[in-house]
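Presented below is the structure to which this report refers.
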């Protein structure tokens, strides 16, 4: 029997994916969607060439290699939002999660300000288990798009409330929450809190049956997921988790470690059920390093993303009832490679973000010597000129030191940034399925897509309906949606 693929809803040359119209006996139970936030084609090229050179290739005699993501390319994705050709993460998350366009800064609301169900909420409503695993604050724009509904992405305290069901009309819709952002769950009496009220969301979540984890020991107690019972929430930093380049393994897990634990947990929780799971993973801090124009930080976040892609590919090969798609929400930084030799990035041990704070904290009488002997070597620079050192010292305390330091190393590596913000470039679409099904996946999803079309494919694959989740959200009115109105926002959100 031939399957036909239907497309509907023509609008500004974007089609809504309607999926295969014939049923299958070997249905997919599980779907994994991975967002490398702020990642563009040049990000992958830089990581690939760096890896090649580190493995013995020469810059003047390059050897072509493949990283895991290179082997999973399907097509590409358009990214504009309702009010800008250059999207922010909130509008893009709404597109990926809910299948609708919205304005920059808006989380899972349509252009009329009404809540729209997400693919995660639709999965939960249909009885699937769900998870969000990120390296940003868990309340940040991308995870929020799947689990909260607010008119302004900066309402992170409310987003935290939605995510654990405290003020979400469907109750708790996420079974696994892992990332940073602990401060948004703590009452204002806690010195580390970001809240302006006495709501203790972690205590409330614990009372509702969540296992609440706030440090590495708690994470390790999950035993890679084999001893984890859903639901649980793991928050390992008050703010974003550390960049991979800065990460202290004694304090925070890596993204691939959190993904391993989440997958094992979800497998265990669904092993005796016909229903599976939906998991969204975000390699969040690729974007932050792009905003900072920190090539070394960006590089190591992209390498970690590739490690996660390899892990998920292997997982799917061993669990053929699972499919994965992956695309960035947008590119960040306008990265270009000109006069390119990434080897100068190899001796970097800290990001510019950490080094700027370290330099700011220095109160000795010889900032030039401290810069030359401590800060610059940590960023892989041992040949700075006196003029370069003098220029950097003058930037101490101005907020411009970190980006200037990044540009100094980037120049040596032939890496250039056109902006500290997002760009409108199309992003790459990746995907994987087991066995012959990968050919079907490529046949169905090859080509160029609008970002709003991707959740339609997930809907059809899992047999869930975002419209049902939208009806559930709105059935008792929408007064629960915050009424805060936001000024028209440009695309230059720095976080």
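In mature numbering (1 follows the signal peptide of the UniProt record, and there is no 0), the protein residues as written are -18 to -1, 1 to 477.
All C-beta atoms in this analysis are idealised placements derived from N, C-alpha and C, irrespective of residue type, glycine included.
Cβ-Cβ separation, residue j to residue i (assumed contact under 8 angstroms), whole Å
i           : j           : result
residue 241 : residue 115 : 6 angstroms
residue 336 : residue 180 : Not a contact, Cβ separation roughly 33 angstroms.
residue 303 : residue 362 : Their Cβ separation, rounded to whole angstroms, is 45 angstroms, which puts residue 303 and residue 362 out of contact at 8 angstroms.
residue 33  : residue 47  : 7 angstroms
residue 409 : residue 97  : About 26 angstroms; that fails the 8 angstroms criterion.
residue 151 : residue 458 : 7 angstroms
Residue i and residue j closer than 8 angstroms at C-beta
i           : j           : result
residue 325 : residue 397 : no
residue 74  : residue 273 : no
residue 462 : residue 57  : no
residue 187 : residue 146 : yes
residue 217 : residue 196 : yes
residue 246 : residue 208 : yes
residue 447 : residue 77  : no
residue 395 : residue 309 : no
residue 464 : residue 140 : yes
residue 399 : residue 320 : no
residue 243 : residue 204 : yes
residue 495 : residue 161 : Only positions -18 to 477 of the chain appear in the structure, and residue 495 is not among them; the question remains open.
residue 82  : residue 72  : no
C-alpha distance - residue i paired with residue j, whole-angstrom precision
i           : j           : result
residue 327 : residue 22  : 19 angstroms
residue 10  : residue 456 : 29 angstroms
residue 389 : residue 382 : 11 angstroms
residue 297 : residue 262 : 15 angstroms
residue 413 : residue 307 : 4 angstroms
residue 286 : residue 265 : 8 angstroms
residue 149 : residue 143 : 6 angstroms
residue 479 : residue 237 : Residue 479 cannot be examined here, being either before or after the span of the chain that is shown, -18 to 477.
residue 402 : residue 59  : 22 angstroms
residue 6   : residue 440 : With a pLDDT of only 44 at residue 6, under the threshold of 50, the placement of this residue in the model should not be trusted; the figure read from the coordinates follows. Each residue's Cα considered, the two are about 15 angstroms apart.
residue 50  : residue 424 : 17 angstroms
residue 333 : residue 40  : 26 angstroms
residue 404 : residue 80  : 21 angstroms
residue 3   : residue 360 : Note that residue 3 scores 37 on pLDDT, short of 50, meaning its location in the model is unreliable; the coordinates nonetheless yield the value given after this. Approximately 57 angstroms, taken between the alpha carbons.
residue 135 : residue 202 : 31 angstroms
residue 373 : residue 64  : 42 angstroms
residue 254 : residue 214 : 20 angstroms
residue 121 : residue 45  : 41 angstroms
residue 178 : residue 222 : 20 angstroms
residue 189 : residue 169 : 16 angstroms
residue 30  : residue 53  : 12 angstroms
residue 305 : residue 421 : 12 angstroms
residue 444 : residue 248 : 15 angstroms
residue 43  : residue 429 : 33 angstroms
residue 37  : residue 314 : 28 angstroms
residue 365 : residue 357 : 13 angstroms
residue 436 : residue 331 : 37 angstroms
residue 210 : residue 192 : 11 angstroms
Proximal residues to residue i (C-beta, below 7 angstroms), its chain only, five neighbours per side dropped
i           : result
residue 349 : 375, 378
residue 280 : 25, 268, 271, 272
residue 231 : none
residue 62  : 69, 406
residue 466 : 133, 134, 137
residue 19  : 71, 124, 264, 265, 266, 268, 269, 310, 311
residue 329 : 362
residue 295 : 50, 54, 414
residue 94  : none
residue 323 : 41, 395, 396
Sequence-distant residues of the same chain with beta carbon closer than 6 angstroms to residue i, five excluded per side
i           : result
residue 165 : 174, 175, 176, 220
residue 451 : 99, 103, 104, 107
residue 367 : none
residue 282 : 226, 227
residue 212 : 157, 251
residue 338 : 383, 384
residue 416 : 298, 299, 302
Chain-order list of residues whose beta-carbon lies under 8 angstroms from that of residue i (same chain, five-residue window excluded)
i           : result
residue 198 : 218, 232, 233, 234, 235
residue 352 : 341, 344, 346
residue 427 : 56, 57, 307, 411, 413, 439
residue 102 : 79, 112, 114, 128, 129, 155, 156, 260, 262
residue 224 : 230, 233, 234
residue 290 : 16, 237, 238, 241, 263, 265
Report the residue ranges of all alpha helix (DSSP H) runs contained in full by the region 16 to 65; include only those spanning at least 4 residues, in chain order. 23 to 36
Jot down the residue ranges of each uninterrupted beta strand (DSSP E) in the region 294 to 336, minimum 3 residues, whole runs only, in chain order. 304 to 309, 317 to 319
At what residue ranges does the region 216 to 295 contain a whole run of the beta strand (DSSP E), taking only runs of 3 or more? 259 to 264
Contiguous alpha helix (DSSP H) assignments of at least 4 residues, all confined to the region 128 to 166: 138 to 145
Could you give the uninterrupted runs of the alpha helix (DSSP H) lying entirely in the region 382 to 440, keeping only those of 4 residues or more? 383 to 395, 419 to 427
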